[in-house]
Amino acid sequence: MSKHNCKRVFILSEKSDRCECCCSTHSCTTCRKFKQMVSVFNIVGNVFVVVGLQLRKSTNWKRMVSIFMGIFMHLFLIYRCFVLNDRIKKSHYSLQMGILITMREGMILVMWHSVYAQRTKISELFNSFLKISHSFPHKKYRMWDRILYTLLASIFVYSLIVSVVMTAVLSNTEAKDYLYLTLFGTVIEESPQALVFILYCVFNFYILTLPFLVSITYVYLCCHLRRMLSLCTKRLFRCRSLDELEYVFQQAMGLFFVIKKLEASFSVCVFFVAAFNLTLAFTCFAYGLGYYETRNSVTAGVVAWLFGNKLSFIFISWTAANVMKELQNLKTTFQVALSNLERNVATLIFYQKLSVFDAVSLTGWEMFHLSKGLILTTFSCILTYGLLLFQTLNYEDPDEQDN
2 MSKHNCKRVF ILSEKSDRCE CCCSTHSCTT CRKFKQMVSV FNIVGNVFVV
52 VGLQLRKSTN WKRMVSIFMG IFMHLFLIYR CFVLNDRIKK SHYSLQMGIL
102 ITMREGMILV MWHSVYAQRT KISELFNSFL KISHSFPHKK YRMWDRILYT
152 LLASIFVYSL IVSVVMTAVL SNTEAKDYLY LTLFGTVIEE SPQALVFILY
202 CVFNFYILTL PFLVSITYVY LCCHLRRMLS LCTKRLFRCR SLDELEYVFQ
252 QAMGLFFVIK KLEASFSVCV FFVAAFNLTL AFTCFAYGLG YYETRNSVTA
302 GVVAWLFGNK LSFIFISWTA ANVMKELQNL KTTFQVALSN LERNVATLIF
352 YQKLSVFDAV SLTGWEMFHL SKGLILTTFS CILTYGLLLF QTLNYEDPDE
402 QDN
């Protein structure tokens, strides 16, 4: 069999769709599939601000679109701050609620900057992921690619559906009230619900798109890394010599470096995604307890945001924990396989090499480890704080009752 070594840079504007292989004249299915995935990420990134998911080289129009969308995001946040300030002055919003909303929406902008700052490392991660994927079969996992494309498309469909639901529950009078609150007192008499739908679409795309894209990218990479680690573990059971173990170990080291690059490139991004998800969870819980008086349209949007972002946070933590679990299983399998071989200097040196697997972790900006226990801990804290808040609001001083 000829060794496959594909050297190419994935750019959306690239004219050639053929894989340039060193020792093979056939088209590489793996490269073609991965190129399609990167192309989808490039398209999504250009339209919806995920500049960090673009690869290192780009055309001038891509840069112009990225700059335009970046300016648009900053202007949209400034507009929201002015609207909130105007509503607070007119006592439509409390100061605490205005600060909470500003922090929530400002975190989207911080998330965008974190992705943009890591764009070079993300590019290197994609290239390393492609290089190591040639050693593993992909035929049985085409379903994952279909799921990926479906999820990418569902991000925009989901935002549109949320906007439709939020607009559908508004009457004509309520739509005019919403325009009065969001357009500095201006009311459009003709087709107010159409304008409300446009405003809701812009707002939902701003709130939902970027966190979902980062989450889907991270979960997709974690799922494939877990699959590759699992295949390495299965190959170890068929090893009968130290040379075979050494070959599998080299493949595992390639995956080890990909995981290290995943941590280096996405750790900061995942931290802000998790922080945004938890902030939104607290806001939604406060809405659910009746801490803020809201309209039906806001309630519909809050339920949709809560559902989407909770799934995002759970999948990030769950898949990252599965990668670390599979990595430990691989290390244990190596130790078992070595114990069946004859003890000599080579096996003892190999034992020492296995300690490298303990040097990797998947964290959120090195502040917390992504684990299944994190899911239970965070939601328990939010629930506990919400119940304490609920009890505080319903507490009545006995002295005041006597008076």
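If you're matching positions, the sequence shown starts at 2 in my numbering and goes up one per residue. Even for Gly, the Cβ is constructed at its ideal location relative to N, Cα and C. Quantities reported herein were computed from a predicted structural model and do not represent experimental measurements.
Is residue i near residue j, with beta carbons less than 8 Å apart?
i	j	result
S160	F198	no
T234	L171	no
S362	E247	no
A301	M112	no
Y219	F277	no
P193	L180	yes
G365	V271	yes
F213	S313	yes
I89	L96	yes
A282	L307	yes
E125	K262	yes
E327	S242	no
C224	W145	yes
Let me make sure I understand the geometry here. Which of the options has the alpha-carbon closest to that of residue i?
i	options	result
I156	M108, L131, Y207	Y207
S405	L152, A169, L281, M74	One cannot answer for residue 405 here, as it falls past the ends of the chain, which runs 2 to 404.
Y221	N205, L152, V361	L152
V84	L184, Y117, S231, S95	L184
V215	T333, W366, V116, T385	V116
H370	S136, D146, V346, V269	V269
M254	H75, S129, I123	S129
R227	S95, L256, D244	L256
A305	G186, E190, I162	I162
L342	I123, F238, K311	F238
T333	D359, K311, I315	D359
Y150	N310, V303, I217, N173	I217
R81	T174, V303, N173, G99	G99
By Cβ distance below 7 Å, which residues in the same chain neighbour residue i in space, the five residues on each side in sequence not counted?
i	result
F286	I383, G387
L78	E106, G107, L110
C240	L246, V249, A338
Q252	S136, C233
A322	L371, S372, K373
D244	none
T385	none
I189	L180, L196
Within 10 angstroms of its Cβ, does residue i collect 16 or more other Cβ (buried), or is it exposed?
i	result
E106	buried
M325	buried
S340	exposed
T210	buried
F127	buried
P138	exposed
Y201	buried
M229	buried
V158	exposed
I133	buried
A195	exposed
V357	exposed
Q119	buried
H75	exposed
N275	It is worth fixing the name first, because residue 275 is Ala in this sequence and not Asn. Under this definition A275 is a buried residue.
A154	exposed
T187	exposed
N310	buried
I284	Per the sequence shown, the amino acid found at residue 284 is Thr instead of Ile. Buried, by the Cβ-count rule.
I317	buried
D18	Confidence at D18 is low in this model, with a pLDDT of 41, below 50, so its placement is unreliable and the value that follows should be read with caution. Burial call: exposed.
F273	buried
N47	The predicted position of N47 is uncertain, since its pLDDT is 40 and thus under 50; a value taken from the coordinates is nonetheless stated next. Buried: at least 16 other Cβ atoms inside 10 Å.
I72	exposed
I68	exposed
By Cβ distance, which residues of its chain are closer than 8 Å to residue i, with the 5 residues on each side in sequence left out?
i	result
T250	Position check: residue 250 holds Phe in this sequence, whereas Thr was assumed. If we look at F250 and ignore the five residues flanking it on each side, its Cβ neighbours are F335, F351, K354.
M104	T280
W319	K373, I376
Can you list, in chain order, the residues of its chain whose CB lies under 6 Å from that of residue i, leaving out five sequence neighbours each side?
i	result
T393	none
Y94	R88
T378	none
E175	none
Are the C-beta atoms of residue i and some chain D residue less than 8 Å apart?
i	result
L389	The structure shown has no chain D; it contains just one protein chain.
Review point. Whole alpha helix (DSSP H) runs in the region 142–196 with 4 or more residues, listed along the chain?
Key: Counting whole runs of 4 or more residues, the region 142–196 contains the alpha helix (DSSP H) stretches 143–169, 173–183.
Exercise for review: Go through the region 92–146 residue by residue and report every complete run of the alpha helix (DSSP H) that reaches 4 residues or more, in order.
Suggested key: Those alpha helix (DSSP H) runs which fall completely within the region 92–146 and span 4+ residues are 96–118, 120–134.
Exercise for review: Report the residue ranges of all alpha helix (DSSP H) runs contained in full by the region 234–311; include only those spanning at least 4 residues, in chain order.
Suggested key: Fully enclosed alpha helix (DSSP H) runs of 4 or longer: 243–289.
Exercise for review: Scan the region 347–372 and note each continuous alpha helix (DSSP H) run of 4 residues or more that stays entirely inside, going in chain order.
Suggested key: Counting only runs of 4 or more, we get nothing.
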